[in-house]
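Okay, so here's the structure we're looking at.
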Amino acid sequence: MTVQTLRSSALLSCASLLWFAAAAGGMPSAAQRDLLMRQEASRQMGGGVTLTAAERRLDADLRRLKEREMSAAQFPPALHFFKARPLIRESPVFKLLQKMPKGGALHVHTSSLVGAEWLVKNVTYRPHCHVCFTWDNSVRFVFSERRPFPRWDCFYWQLLGTLRARIGDASGFDDSLMQHLTLFTEDPDGEYPSQEVVWEKFEKVFIAAAGLITHAPVLRDYFYRGLEELLQDNVMYLELRSGLSKTYELDGTVHDTAWTLRTFQEVTRRFVADHPDFLGARVIFSVHRALSVSEVKAAVKEAIQLQADFPDVVAGFDMVGREDSGRSLWYFRDALALPAELGVALPYFFHAGETDADGTDVDQNVLDALLFNTTRIGHGYALAHHPLAKELSRKRNVAVELCPISNQVLRLVSDLRNHPAAVLMSEGHPMVVSSDDPSLFGTTGLSYDFYEAFVGIGGLKANLGTLKELALNSIRFSSLPPHLKDKGLVMWQKKWDAFIFDHS
Ligand SMILES: [Zn+2]
């Protein structure tokens, strides 16, 4: 019996049970109550997963550990992640999640793939790195053989190595550089009192990191390092949202989008050859929603071409940037309808519903994303408030990419127990967990987000079956062709069996 049939039959018998209880009018029996509870639990994420004896033992351990964390004085999911991180690092549940094979990361952006520490301690120590501080206390980097010309609000460029030596306190100086490349702070509420303020810093960080990452030799190492950080956290696959920015060499030569894509492909192949337990990586070509309709049309055409040239690498297309201050998907309808008009299939992976502005044009993005046949929904924070969109996405198996830490840091929700995805999880809506912008939030891999989803959003109801389904979903709902999904599922099962064996 499939999970779906189980759920429908549960629904039927549940309705008749309630009718009998009401008709009898007397004291409901403990057996009736127990049945109702089991039937409701069967609908939740992972409710249809049957656990082996060894898995049930681990599940019982996990439950005990979770109960202990819930009754502690400070419950990490109720705190801002920047304050919760030290507590989470000590959590036995988190340590288990780190070891658990989590499948794929389906919602991560290029500019924030690799930790800020690597950028500062490795990249800014390379020769020819120049730095400049702008009037609004932001920073720019560029690699150049000679002193760079004024650009990007910068008139005074200095060789970073010389400046670091002159200042003397290298570690203090590096810490200050790090502050420009991450949102992480000890005082998140003081520094980011509103969504506007945190988004402003968010965009600044991307601009600051761009000069480092778009240097061609750095990008090559950056991709490799990004895959390494994922594998270290037991993640075996990546779908990366990327604008495929042009890259530059030391002598000023500029490479185009296709070069960036080819480099991504080469690095991924090399990484898989070095680490055969890693499945691979693909790109979702993404452009900013601040662009004009004609610019987005050009980008859609470019995506179609790139997909034809790199069918193994390009998964599809998305639009990025803050939804609340950007234009709605409907605004770009002429551009987004292009593939259908041209008779080409270009899968969409839209960010949609990353908002708490109920009823606005932007809030309709979830419905518009489905109108344009999106393959998955990035965030879908607003989805629980859209009954029809929720029904459609469920019927069409359109998974929501849940990024809990991102939603909290960008101030959609403060206590993660109140995240609307709790509703989606309790209904077993198609879903995957991802990290969005790990370097900005001070995370690596997926374990931190799995922790928040499992302990905070899922509560005590979420169990090992939930975790198993979330991990399997990341392969099922990936953009991979069927034969690679099968390969991925076999690879994942092997890792899962080893994980369970280690804990039995
Ligand atoms: Zn995103």
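Convert by adding 37 to the 1-based position in the sequence shown; the result is the number in our numbering. Beta carbons are placed, not taken as given, at the ideal position from N, Cα and C, and that holds for glycine. A quick note: this is a predicted structure, and the numbers were derived from the prediction, not measured.
Who are the near neighbours of residue i in its chain, counting only those whose CB is closer than 8 Å to its CB and skipping five residues on each side?
i, result
"residue 328", "336"
"residue 541", "91, 94, 95"
"residue 129", "102"
Leaving out five residues before and five after residue i in sequence, what residues of the same chain have Cβ atoms less than 6 Å from its Cβ?
i, result
"residue 344", "351"
"residue 457", "421"
"residue 217", "176, 245"
"residue 38", "The predicted position of residue 38 is uncertain, since its pLDDT is 39 and thus under 50; no value can be drawn from it."
"residue 302", "350"
"residue 423", "403"
"residue 194", "167, 169, 184, 185"
"residue 508", "139, 140"
"residue 429", "407"
Using the Cβ count rule (16 or more neighbours within 10 Å means buried), how would you classify residue i?
i, result
"residue 485", "buried"
"residue 237", "exposed"
"residue 432", "exposed"
"residue 531", "exposed"
"residue 274", "buried"
"residue 150", "buried"
"residue 312", "exposed"
"residue 308", "buried"
"residue 147", "buried"
"residue 355", "buried"
"residue 527", "exposed"
"residue 26", "Past the boundaries of the shown model lies residue 26; the chain is included only from 38 to 541, so the question cannot be answered."
"residue 46", "At residue 46, the pLDDT of 46 sits below 50, so the modelled position is not reliable and the matter cannot be decided from this model."
"residue 172", "exposed"
"residue 229", "buried"
"residue 283", "exposed"
"residue 162", "exposed"
"residue 62", "exposed"
"residue 271", "buried"
Give me the Cβ distance between residue i and residue j, rounded to the nearest whole Å; I'm assuming they're in contact under 8 Å.
i, j, result
"residue 84", "residue 465", "6 Å"
"residue 438", "residue 414", "7 Å"
"residue 326", "residue 291", "No, residue 326 and residue 291 are not in contact; Cβ-Cβ is about 25 Å, not under 8 Å."
Quick one: residues in its chain with C-beta nearer than 7 Å to the C-beta of residue i, no 5 flanking neighbours on either side, listed in chain order?
i, result
"residue 263", "150, 151"
"residue 533", "138"
"residue 257", "300, 304"
"residue 266", "151, 152, 481, 482"
"residue 200", "168"
State the beta-bridge partners of residue i as determined by DSSP.
i, result
"residue 188", "191"
"residue 468", "437"
"residue 323", "355"
"residue 385", "354"
"residue 276", "319"
"residue 285", "252, 291"
"residue 21", "Examination of residue 21 is not possible in this model, given that the chain is present from 38 through 541 alone."
"residue 170", "176"
"residue 142", "275"
"residue 598", "Residue numbering for the chain in the displayed model covers 38 to 541; residue 598 lies beyond these limits and cannot be assessed."
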